Amino acid sequence: MLAEDLIRYGDDARGFVVLSGDPEQVSAGVQLLKSLDVNWLSSVSTALIPVVNASPEEIASDLEPILSRLGGVSVVPLERLQTLMVISRQRESLDQAREWIARLDKGARPQLMRDVLVYEARYVNAEDLVALTEGGSASSSGFTTSAFNEPRKTSGRREVTDRPSETAALPGDTFSEPGTSLFESLSIRVDPGRNAVVARGASVELESLSELLSLLDKPKRQVLIEATIVEVSLTDGTSLGVQWDLVQDRLSATFTDTGSGDLTSLFPGVSVSYINTDIAAVINALAATSDVEIVSSPRMLVLNNETARLQVGDQVPIITQSAVSVSDPGAPVVNSTTYRDTGVILTVTPRIRAGGMVEVDISQEVSGVSETTTSSIDSPTISQRSIQSVLAVPDGSTAVLGGLMSSTRSYSRTGIPILKDTPVLGAAFRSTNQSERRTELIVLIEPTVVVSEEPSSDIPALLRAALVRARGAPAT
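Quick note: the sequence shown uses the working numbering, first residue 855, plus one each step.
Dropping the structure here:
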């Protein structure tokens, strides 16, 4: 060993030692330090051997008297990894250690130490999570987590507790039989009251199940739908409908190419396309070429693959049948009445696709009430214009559905009072005017995918931006 007065200074941070003394003593000290300063792991072999049915500490204590006869073999239990680390100077000893660990692991009673995982789902229905892991429907009848001892929380949504199999059996139905799940040795159930997945089995597989559930339990994406229903008055220059080539010249974006430059027709009288700009820009461009009236401009937030319905209007009573007794002349007339929804009715189902596309299943109706002129029944007539289609729109782009044209004719008579109603000569003192108003209904749809991890974080910002665009004011 080195003499105490030979070592003058040692620095652990920088890893050096200062020696001072006779040259022979210093040289001998340097040689001794070199022999000690070696990477001892480079001269040994190591192996990480997982265990399934027993505790690593238990197997390590059982291995100690067995491997001590081999010499130079050390076993380190790693409880967190449910693994044993075996260190040996001879590689052959590692193979012997593996054999003994396999024997001892099989020899342990697998039902003696069973763990229970309780995973409380935040975003997804627990039954859906179990169906994904089992490849079938989940069982949930008759089970409550109160049947277990109070579990100790380990982290957030997960609770793991040791459960010896000798304790009282669970009430009600038993766990679903193993073998149908991605995790063969686990029994999985659902606690509907807590929206939790409850699994029982080896802790190693429970950790894997918990990681899988965390990956699957993600918030559903949402889509902000901005819809604007615009009624455009048609003039002599637009008697065949809105001239989209003139509108396009006032936009920085372009319509989809269909070969002819026109909008793609879905069915006679209705056209559809999308442009890479917002709704306000399209309305401003339309207003520059025609008279534009915004009928409705709803905005709604809907989950992916779910349906949202918005209605602004009245329920109008409609007489469907009238009956009167033929035997009693004084009997009253009995009417059968039903109610019809009128106004602006919008039904939207968005489906988010890969590549930034949003598939939108849309049904739009604008209806009004007028007096019946074709029937003697005292019931109103419903004038209706509707569009129903399925579109694929890029995220943040505007889909345009147009071509629903209508014509309204009105007659008015003016003239000199009294004289204009005189028989024969009255025609000389009056004039009859006929006017016709032709309009085209255009529906603008702009879907925006809400991509935030927390579903409600960026929704207010999107709504504020939509209101700013609607007012035509610059965003702040």
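Don't be surprised by glycine CBs; every beta carbon is placed ideally from N, CA and C.
Note that the structure is a prediction, hence the values are computed from the model and not measured.
According to DSSP, simplified to helix, strand and coil, what is Ile1270? Translated into the one-based positions of the sequence shown, residue 1270 becomes position 416. The answer is coil: DSSP assigns Ile1270 none of H, G, I, E or B.
Range of the contiguous beta strand (DSSP E) that encloses Leu1200: If you number the sequence shown from 1, residue 1200 lands on position 346. Residues Gly1197 to Ile1206.
With distances taken from CA atoms, which of Asp1045, Pro1046 and Glu1065 is nearest Phe1037? Sequence index remark: in the sequence shown, residue 1037 carries index 183 (1-based). Residue Glu1065 is the option with its Cα nearest to Phe1037.
Buried versus exposed call for Tyr973 [16 or more other C-beta atoms within 10 Å across all chains shown]: Here residue 973 is taken as the residue at index 119 of the sequence shown, counted from 1. Burial call: buried.
Could you pull the DSSP bridge partners for Leu948 from this structure? Within the sequence shown, the letter at position 94 stands for residue 948. The partner list for Leu948 (beta bridge, DSSP) is empty, contrary to what the question assumes.
To the nearest angstrom, how far is the alpha carbon of Thr1196 from that of Glu1219? One-based indexing of the sequence shown puts residue 1196 at position 342. One-based indexing of the sequence shown puts residue 1219 at position 365. One C-alpha to the other measures close to 8 Å.
Note down, in chain order, each residue of its chain lying with its Cβ closer than 6 Å to the Cβ of Ser1176, except the 5 sequence neighbours on either side. As a working note, residue 1176 is residue 322 in the sequence shown. Within the same chain, Ser1176 has close Cβ partners Val1187 and Asn1189.
So, at 7 Å on beta carbons, what are the nonlocal neighbours of Phe870 in its own chain, with the 5 sequence-adjacent residues on each side left out? Stepping through the sequence shown from its first residue, residue 870 is reached at position 16. Same-chain partners within the cutoff: there are none.
Go ahead and label Thr1192 buried or exposed: buried means 16 or more other beta carbons lie within 10 angstroms of its beta carbon, across all protein chains shown. Indexing the sequence shown from 1 puts residue 1192 at position 338. Thr1192 is exposed by the Cβ-count criterion.
Across the segment 1292-1305 and the segment 1268-1282, are there enough close Cβ pairs to call them in contact, namely three or more that are closer than 8 Å? no
Checking contacts by CB at 8 Å: is Arg934 closer than that to chain D? Among the chains of the structure shown, chain D does not appear; only one protein chain is present.
Going by Cα to Cα distance, which pick from Ser1233, Val1254, Ile1236 and Gly1250 is closest to Gln1242? For the purposes of this step, residue 1242 is taken as the residue at position 388 of the sequence shown. Of Ser1233, Val1254, Ile1236 and Gly1250, the residue nearest in Cα terms is Val1254.
Looking at the secondary structure, which residues open and close the beta strand (DSSP E) in which Glu1213 lies? The sequence position of residue 1213 within the sequence shown is 359, counting from 1. It spans Met1211 to Ser1224 - the beta strand (DSSP E) in which Glu1213 sits, taken as one unbroken run.
Curious, which full-length beta strand (DSSP E) runs of at least 3 residues does the segment 875-933 contain? 899-904 and 927-932
Buried or exposed for Thr1252, going by 16 or more other Cβ atoms inside 10 Å? Within the sequence shown, the letter at position 398 stands for residue 1252. That one is buried.
With C-beta atoms as the reference, is Tyr977 less than 8 Å away from Pro1046? Here the question's residue 977 lines up with position 123 in the sequence shown. Here the question's residue 1046 lines up with position 192 in the sequence shown. It is not a contact, given that the beta carbons lie outside the stated cut-off.
Short of 7 Å in beta carbon distance, which residues of its chain neighbour Leu1164, apart from the five on each side in sequence? Order them along the chain. Here residue 1164 refers to the residue found at position 310 when the sequence shown is read from its first residue. Excluding positions up to five away in sequence, the list reads Pro1152, Met1154 and Leu1200.
Closest to Leu958 by CA distance: which of Arg1239, Arg1194, Ser1233 and Asn907 is it? By one-based count along the sequence shown, residue 958 stands at place 104. With distances taken between Cα atoms, Leu958 lies closest to Asn907.
Quick check on DSSP: helix, strand or coil for Asp982? In the sequence shown, the residue the question calls residue 982 occupies position 128. Three-state DSSP puts Asp982 in a helix.
Within 10 angstroms of its Cβ, does Glu1059 collect 16 or more other Cβ (buried), or is it exposed? Looking up residue 1059 in the sequence shown gives position 205. So Glu1059 ends up on the buried side.
What residues are listed by DSSP as bridge partners for Arg1284? The sequence position of residue 1284 within the sequence shown is 430, counting from 1. Arg1284 is bridged to Gly1269.
First and last residue of the uninterrupted beta strand (DSSP E) at Ser1251: Residue mapping note: residue 1251 aligns to position 397 of the sequence shown, counting from 1. That residue, Ser1251, is in no beta strand (DSSP E); it is neither H nor E in DSSP.
By how many angstroms is the C-alpha of Leu1069 removed from the C-alpha of Leu971? The residue you call residue 971 lines up with position 117 of the sequence shown. The residue you call residue 1069 lines up with position 215 of the sequence shown. Each residue's alpha carbon lies about 16 Å from the other.
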